[in-house]
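Throughout, the working numbering is defined as the position within the sequence shown, counted from one, plus 343. The C-beta atom is built at its ideal place from N, Cα and C for all residues, glycine as well.
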Amino acid sequence: MIHLSAFADEISPDLNEQIAVLHSENIHYIDLRSVWKVNVLDFSDQQIEDIKRTLKEARIGVAAIGSPIGKVPIDSSFEEQLHRFERALKIAQALSAPYIRIFSFYPPIQDEAGSSNPAAYRDEVLSNLREMTRLARAAGIILIHENEKAIYGDSIERNVDLLKSINDPHFRAVLDPANYLQCDQVPYPGAYEAIAPWLEYVHVKDVRTDGTMAVAGDGAASWSAILERLRRDGYAGFVALEPHLQSAGQYQGFSGPELFHQASRALQDLLRAMGWSYA
């Protein structure tokens, strides 16, 4: 059985509205990225306690901290990023979240054509990620690396290299098929089979060939085939909705309540059609 989660700030900045929509869709977990237009890493201790209490009363668990860690230039201060990362670990522990979503840094941009030479920054990226993995291991938290466009590990080849080089149960992979499509990579079977040994988490959004976002199954991500393969391979983790149907920014996407309902129903319809149990 898999468990559905959601980046609930796609619904609304308001926590109570997020919870109401999640309840209406029978989703019992949240990927906590922001509330009240405040990023998860910027919550005060009191806000964390308030969120913890409210979610507990609503019987919603925190599946992952949707942090922006690693979504900074590789040549920026790692000390500052590490300070933010240590805060992420404390928040994950406070909210009993088993996972923290991270990224693998932006190589310097040379011009509009793209990054200068990502391979030149491999050693520094690996060094940073290894240090964060070491701290996550000590804290009992699993880092899940998202293959977002323009970060070092956006391509299948570089993503696999990171996973294989670090080779640690506390550094694992997110499968985000739409992100691969936006990098001109083939999500299935290409990306899926390449990262399968490290696959720990799934993000659900879809994108059409013209670049517009879509509900799962209405784009080019091959969601039916991916879900069938996940079930066949025994996947039993989280499947988190992150539809970006209204807007998609660098640090956060948004859908609004109605479009989120459509995204949730599309995913759940696919799951019901194949007879895959979920909670």
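Separation of residue j from residue i, as counted between CA atoms
i    : j    : result
F421 : G413 : 9 Å
S598 : G554 : 16 Å
P579 : S590 : One point to set straight first is that residue 579 is Ala, not Pro, in the sequence displayed. When rounded, the distance between both Cα atoms is 30 Å.
S498 : N460 : 13 Å
A440 : S567 : 28 Å
D385 : S355 : 18 Å
D527 : A482 : 36 Å
E368 : H604 : 7 Å
I570 : I370 : Note on identity: in this sequence residue 570 is Leu, with Ile being the wrong assignment. Their backbone Cα atoms lie some 18 Å apart in a straight line.
Contact check, residue i vs residue j, beta carbons under 8 Å
i    : j    : result
P411 : Y449 : no
P600 : V378 : no
D388 : A349 : no
A563 : V550 : yes
L432 : A479 : yes
L588 : L610 : no
I345 : Y523 : no
A632 : L573 : Outside the displayed range of the chain (344 to 622) lies residue 632, so it cannot be described from this structure.
G496 : S447 : yes
I494 : I443 : no
P532 : E353 : no
Nonlocal neighbours in the same chain, by C-beta distance under 6 Å from residue i, ignoring five residues either side
i    : result
A401 : I362
G404 : Y372
F581 : H346, S348, A406 and Y544
D511 : T476
L614 : Y621
G560 : W566, A609 and L613
H546 : V517, D519, A583 and E585
Residue range of the alpha helix (DSSP H) that includes residue i
i    : result
R574 : W566 to R575
I391 : D388 to A401
D374 : Premise fails: D374 lies in the beta strand (DSSP E), Y372 to L375, not in any alpha helix (DSSP H).
R608 : P600 to M617
R501 : I499 to I509
L432 : F421 to A437
A537 : Y535 to I538
H366 : L358 to S367
A479 : R465 to A482
L518 : That residue, L518, is in no alpha helix (DSSP H); its beta strand (DSSP E) goes F514 to L518.
Chain-order list of residues whose beta-carbon lies under 7 Å from that of residue i (same chain, five-residue window excluded)
i    : result
A456 : The pLDDT assigned to A456 is 48, lower than 50, so where the model puts this residue is not dependable, and the model offers no usable value.
A351 : Q361, L365 and I373
D393 : none
R427 : L384 and I412
Close-in-space but distant-in-sequence residues of the same chain around residue i (CB under 8 Å, 5 per side omitted)
i    : result
A516 : I487, H488, N490, N502, L506, I538, W541, L542, E543 and Y544
I509 : L469, L472, R473 and T476
I391 : I434, A437 and L438
T397 : L358, N359 and I362
V383 : L375, R376, S377, I408, G409, S410, A431 and I434
Local Cβ density within 10 Å of residue i, reported as buried at 16 or more and exposed below that
i    : result
G596 : buried
K548 : buried
Q436 : exposed
V381 : exposed
M556 : buried
A623 : Lying before the first or after the last residue shown, residue 623 is absent from the chain, which here runs from 344 to 622.
A463 : exposed
P530 : buried
Delimiting residues of the beta strand (DSSP E) encompassing residue i
i    : result
E543 : L542 to V547
H346 : H346 to A349
Y449 : That residue, Y449, is in no beta strand (DSSP E); it is neither H nor E in DSSP.
L384 : Looking at the DSSP string, L384 is not in any beta strand (DSSP E), and its letter there is neither H nor E.
L486 : I485 to H488
beta-carbon residue i near the ligand FAD non-hydrogen atom, thresh 7 Å
i    : result
S620 : The ligand content of the structure shown is nil, which means the ligand FAD is not present either.
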